[in-house]
Every structure is written in structure tokens, then in C-alpha cells.
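Here the sequence shown stands for residues 5 to 150, where the numbers follow our numbering.
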Amino acid sequence: MKGPKPKPNNVIPMKGDAKKPVPEPLAFLSDEGKEVWKRLAPEMVKLDRLKPQYHDLFAAYCEAAADLMRFTIQLVDGRYNYTSQTRNGVQEKKAAAWGQRQEAISNLRQIGALFGMSPVDEQRLSDGGQGSLLDELTRAVRGEPA
Numbered sequence: 005m006k007g008p009k010p011k012p013n014n015v016i017p018m019k020g021d022a023k024k025p026v027p028e029p030l031a032f033l034s035d036e037g038k039e040v041w042k043r044l045a046p047e048m049v050k051l052d053r054l055k056p057q058y059h060d061l062f063a064a065y066c067e068a069a070a071d072l073m074r075f076t077i078q079l080v081d082g083r084y085n086y087t088s089q090t091r092n093g094v095q096e097k098k099a100a101a102w103g104q105r106q107e108a109i110s111n112l113r114q115i116g117a118l119f120g121m122s123p124v125d126e127q128r129l130s131d132g133g134q135g136s137l138l139d140e141l142t143r144a145v146r147g148e149p150a
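What follows is the structure, encoded as C-alpha cells:
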């Protein structure tokens, strides 16, 4: 290559290389929810899945993740069960945090599916849809790549 070599400060990045701004966590999030946002938002921005109209729903996902952490910590601290005196004697019952954790997991699954947060959902979102069988057959007959 003739002439001066390009320097990093004068190289124009390709369109795909431009960094997109990562939005700040929404103000109403808990501290734990904000931490989840800061951890996951950069990746969602890279995948173009965190447009402004999705911020509230993504915030709900972050809070569900924060709830999962919160309730799991309560359970790990030894509060899985408690005893209760009933007319049938002393009974052991599940702590409320157990059910709340299950609900947080359910919320994570439901909302996460919209953002492609599981391998199956990511595959579903990254595919261009089913496509057309006729188009695929036409390409196959012509010997064109799929």
C-alpha cells in the first residue's frame, strides 16, 4: 500500500461498527433493577432490541430479575419454610418468598421471550421468519444458495 498508513484517529468506522448509546436505567427502578439494566442493556442495544418504546417493558424485566435475586437470597438465608400451629397440630409451610420467586421466574420467562432472552427466543427473533417454501424451492432448482 502506497502512502501513509491509516491512523486509528482518522479511520471512519463502518456503519455496523458505530457504537449506539446505551440508555440510562429508568429512574423508578430499584437499585438492584438498575444494576440488571446496566448489565444487560448494552447487549440489548447491540442487538437493536432496546428502542425507546421498549424501555418500560425492559424495566419490568429488570425488576423481575431483581426480584428473583431478592427472593432467592431470602430463601438461601434459611427461610424456605416456617411452622404454623393449626387445629391439626404444627404444620410446616413454604415461605412467601418461595412463591414470589416462582412468580419472578415466570415474569422473566414471559417478558424475556419478547427480548429474545432465551436461546429458543433468540433464534426465533434472529430468523427472518419462516420464509416462503416456493422461494426456497425456486432457489434450490436454480442451484442458488439458500
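Just so it is clear, CB atoms sit at the ideal spot from N, CA and C, and this is done for glycine as well. Quick caveat: nothing in here was measured; it's all calculated off a predicted structure.
Checklist entry - So which of G7, F62, D35, A70 has the shortest CA-CA distance to I109? => result A70
Checklist entry - With respect to the beta strand (DSSP E) encompassing N111, which residues constitute its N-terminal and C-terminal limits? => result Here N111 belongs to no beta strand (DSSP E); instead the alpha helix (DSSP H) covers 100-119.
Checklist entry - Contact between the stretch 85-97 and the stretch 50-69: three or more CB pairs below 8 Å? => result no
Next on the checklist: For E67, count the other beta carbons within 10 Å of its own beta carbon; 16 or more makes it buried, fewer makes it exposed. Which is it?
Outcome noted: buried
Next on the checklist: Would E36 and R74 qualify as a contact pair, given that the criterion is a beta-carbon distance under 9 Å?
Outcome noted: yes
Checklist entry - For Q95, which residues does DSSP report across the bridge? => result S88
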